[in-house]
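Asker:
What follows is the structure in structure tokens.
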């Protein structure tokens, strides 16, 4: 398929002239960075967060003084292994498509009697959102090594995929950015950071499959909701509400595009 | 003035630019409307598109005629320096090119922004951490020279890149009030000054 | 050669300082939870840090190695290690020239523990990273430059 | 402030035991400022000791340049499956914590 955008960029590059830094020097730099990333992969501090999450999963909490051990993440009550590799999915009991975090909120509400508002309104990595991050770290660790397998057959999933795709290309705000501005072409970088092309299976698998992740730059574990929220911050849009439909729709679009790719969660990122 | 005209344009949004079914699109708009909230300077109205933003929100670019129409519209927004002076201080320009800050909901004021140039462009001989979303601008002034035509074109490109490529990835630095006229002059100097590391090894 | 002679002299001085420190009880002869070496960790320059460690001007050695990437994507977490092939290595330390305080960590190695320790350090900027090693009563050193780059968009 | 558990992994091969540990700790340098411009006080591990069946195998001193959530890997001779490896740290606020793991 012809990508007109690419031609324009190439044409511009030709018009504006000037030679880029020798490809070999640039490649060497990226090799060095890959070596750096490999050195960090062993001993991912997400393990510390996941250990907390596992503890929290088994600890009775809330007005109902219950644990989350009976939580159904889509594979049956209490099944954690492999569950996040198949999310988001349509859940009959809520009549909604849910991602891991909104599903965990449902479990906290129904099993423990906790108000999801406390999660939605908390600041990132504080209070109930800190607890959510720990639970997420635990759950996604249990899908490490699995294949991304999102079932899009349900009409609600199909609809969310279409809405997510529209959201992906939606340009708005003072900088006219969309997700596609940075993630809609192959082989691009933002500063030194390589950008996955999220329109392709390979790119989406690299992106979706390695989040949630530990970020070394700030020593924080970020859930997918946190990741998407910061993408929108950088796009200079208004703020997406935690667990809102746009975040679920985008997740469905990304996960479905990534289908068949490998889950390496929690990832470790810059 | 500017704001009023953008609002007017918003109301004229083109249904033809959108390829899917109208029902799905109505549902999409409703979803976007309920999914975002104002946070600090990042007000909710940022989610409402300008007409060219809408035209450029598809997998493929709009047809040529539509592109040309947008470019002509956008060209009208460009304001050239009233004093006829295009160049500031390249050292300030380098700082502006390096800073990717501004206009997010964690920024306190909408009037203190970087240009974020290095996010997408190679620029100087010594900065190795540059993006590749846009073309390399290394030795920009040296290669292109500094004829009036080139200077005017470059100013226009920084001011509103959509005037030259309707769906360009580059923000409208002047038109969208991301950078001030003075900041853009500094960037011009960074690109053209023979002493700037863009041109000098 | 000149260099070699100078090194011998230097280590001589180092040993004397060490002896004094040991006498003052600052370096425990056995390995217990030793008192934190405040002077060394709060020293700013490389020279002052080496002095506080009792290792004035140690000899360069090819048997000592700083392990780590050539370039780090983020200075907050830089994987760095020290290995020493010198028999009888009892202490290894990691020093970062351009950090506010050069000394990052020191490790005492009882007999049976290999002179191969890996950790992760913060680096404020591109800098030489030094491995300092003690074997017997002598100090040896090796260095490696690690570049620190900026990562993604600055916001 | 409650301390958080560390993750210790120890495995033995050809008579050498390799220990890898991740320690939950802020490792605050004392040189950073919060959003209001106030200095965030230094808070970091100063000493860390590892032992195998009660015998010290590593005695470390840390400065503020060790990364948040420190990582440590080292090797010692000996050690058999089931033996205990214990790690104890102490920070500049006087907090201390010990965790242990069996060699796998």
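Protein chains in written order, with this note's numbering: chain A, 1 to 270; chain B, 271 to 471; chain C, 472 to 626; chain D, 627 to 730.
Built from N, CA and C at the ideal position, the CB exists for glycine as well.
According to the neighbour-count rule (16 or more other Cβ atoms, all chains shown, within 10 Å of its Cβ), is residue 453(B) buried or exposed?
Answerer: It is buried - the Cβ of residue 453(B) has at least 16 other Cβ atoms within 10 Å.
Asker: Between residue 597(C) and chain A, is there a C-beta pair that is closer than 8 Å?
Answerer: Not one chain A Cβ lies under 8 Å of residue 597(C).
Asker: For residue 47(A) and residue 221(A), I'd like the C-alpha separation in whole angstroms.
Answerer: Cα to Cα, the separation comes out at about 10 Å.
Asker: If we cut at 8 Å on Cβ distances, does residue 86(A) have a partner in chain B?
Answerer: No, because no Cβ of chain B sits closer than 8 Å to the Cβ of residue 86(A).
Asker: When we look at the beta-carbon of residue 387(B) and count the other beta-carbons within 10 Å, is it buried (16 or more) or exposed?
Answerer: That one is buried.
Asker: Less than 8 Å separating the beta-carbons of residue 588(C) and residue 553(C)?
Answerer: Yes.
Asker: Measuring only between beta-carbons, confirm whether residue 723(D) sits less than 8 Å from chain A.
Answerer: Answer no: the Cβ-Cβ gap between residue 723(D) and chain A never drops below 8 Å.
Asker: Under three-state DSSP, which class holds residue 580(C)?
Answerer: It is coil, neither helix nor strand.
Asker: Tell me which residue opens and which closes the beta strand (DSSP E) that residue 678(D) is part of.
Answerer: From DSSP, the beta strand (DSSP E) with residue 678(D) extends over 671-678.
Asker: Throw me the rounded Cβ distance for the residue 385(B) and residue 443(B) pair, which I believe falls under 8 Å.
Answerer: Indeed they touch by this definition, with Cβ atoms about 7 Å apart.
Asker: Going along chain B, which residues have a C-beta under 8 Å from residue 253(A)?
Answerer: Correct list: empty, because the minimum Cβ distance to chain B is about 12 Å.
Asker: Here's a check: name, in chain order, each residue in its chain whose Cβ is nearer than 7 Å to the Cβ of residue 629(D), leaving out the five neighbours to either side.
Answerer: Once the five neighbours on either side are set aside, the close Cβ partners of residue 629(D) are 721 and 723.
Asker: Inspect the beta-carbon positions of residue 655(D) and residue 701(D) and report whether they are closer than 8 Å.
Answerer: No; because the gap between Cβ atoms is not below 8 Å, this pair is not in contact.
Asker: Counting Cβ pairs closer than 8 Å, one from the stretch 709-716 of chain D and one from the stretch 667-682 of chain D, do we hit at least three?
Answerer: Counting Cβ pairs under 8 Å, three or more are found: they touch.
Asker: What residues from chain C crowd round residue 692(D), counting only those whose CB sits closer than 8 Å?
Answerer: Ordered by position in chain C, the residues that pass the 8 Å Cβ test against residue 692(D) are 575, 576, 590, 591, 592 and 593.
Asker: Using the beta-carbon count (16 or more within 10 Å), is residue 580(C) buried or exposed?
Answerer: Classification for residue 580(C): buried.
Asker: Quick one: residues in its chain with C-beta nearer than 8 Å to the C-beta of residue 667(D), no 5 flanking neighbours on either side, listed in chain order?
Answerer: These residues qualify, in order along the chain: 654 and 656.
Asker: In angstroms with no decimal places, state the Cα-to-Cα distance between residue 517(C) and residue 573(C).
Answerer: Their backbone Cα atoms lie some 6 Å apart in a straight line.
Asker: Report all residues from its chain with a CB closer than 8 Å to the CB of residue 118(A); omit the five preceding and five following residues, and keep chain order.
Answerer: Answer for residue 118(A): 127 and 128, listed in chain order.
Asker: Thinking C-beta only, is residue 341(B) closer than 8 Å to residue 487(B)?
Answerer: With chain B running from 271 to 471 in the structure shown, residue 487(B) is simply not present.
Asker: Let me make sure I understand the geometry here. Which of 575(C), 611(C) and 536(C) has the alpha-carbon closest to that of residue 509(C)?
Answerer: Comparing Cα positions, the closest option is 575(C).
Asker: With a threshold of 8 Å, are at least 3 pairs of Cβ atoms found where one atom belongs to the stretch 103-119 of chain A and the other to the stretch 130-137 of chain A?
Answerer: Flag = yes, the stretch 103-119 of chain A and the stretch 130-137 of chain A touch.
Asker: With a CB to CB cut of under 7 Å and the five nearest residues on each side skipped, what residues in its chain are close to residue 502(C)?
Answerer: Bear in mind that the predicted position of residue 502(C) carries a pLDDT of just 40, short of 50, making it unreliable; the figure below should be weighed with that in mind. Excluding positions up to five away in sequence, the list reads 579 and 581.
Asker: If I'm right that residue 726(D) touches residue 710(D) with Cβ under 8 Å, what's the distance once you round it to whole angstroms?
Answerer: Yes, residue 726(D) and residue 710(D) are in contact; Cβ-Cβ is about 5 Å, under 8 Å.
Asker: What are the residues in the stretch 384-397 of chain B lying within 8 Å of chain F by C-beta distance?
Answerer: Protein chains A, B, C and D are contained in the structure displayed, whereas chain F is not.
Asker: Quick one, which residues of the stretch 511-543 of chain C are near chain A if we go by CB-CB under 8 Å, in chain order?
Answerer: Of all residues in the stretch 511-543 of chain C, 539, 540, 541, 542 and 543 have a Cβ within less than 8 Å of some Cβ in chain A.
Asker: Identify which residue in 433(B), 412(B) and 421(B) has its Cα closest to the Cα of residue 455(B).
Answerer: It is 421(B) whose Cα lies nearest to the Cα of residue 455(B).
Asker: Between the stretch 414-431 of chain B and the stretch 206-213 of chain A, can you find at least three pairs of beta-carbon atoms closer than 8 Å?
Answerer: Counting Cβ pairs under 8 Å, fewer than three are found: no touch.
Asker: Is it the case that the stretch 339-359 of chain B contacts the stretch 193-200 of chain A, given that we only count it when at least three CB pairs across the two stretches are under 8 Å?
Answerer: In short, these stretches do not touch, since the Cβ pair count stays below three.
Asker: Please go through the same chain and pick out, in chain order, the residues whose beta-carbon is closer than 7 Å to the beta-carbon of residue 309(B), but skip the five residues on each side of it.
Answerer: The residues are 375.
Asker: At 7 Å on the CB atoms, spell out the chain C contacts of residue 576(D), in chain order.
Answerer: The requested residue 576(D) is not part of the displayed model; chain D covers only 627 to 730.
Asker: Taking only the alpha-carbon atoms, compute the straight-line gap between residue 399(B) and residue 254(A) and give it to the nearest angstrom.
Answerer: Roughly 28 Å between the two C-alpha positions.
Asker: Three-state secondary structure (DSSP) at residue 85(A)?
Answerer: Note: residue 85(A) maps to helix in three-state DSSP.
Asker: DSSP on residue 155(A), reduced to helix/strand/coil?
Answerer: It is helical.
Asker: Please report how far the alpha carbon of residue 228(A) lies from the alpha carbon of residue 459(B), in whole angstroms.
Answerer: Distance between the alpha carbons of residue 228(A) and residue 459(B): 37 Å.
Asker: So does the stretch 300-319 of chain B actually touch the stretch 236-245 of chain A, counting three or more Cβ pairs closer than 8 Å?
Answerer: Result yes; three or more Cβ-Cβ pairs closer than 8 Å.
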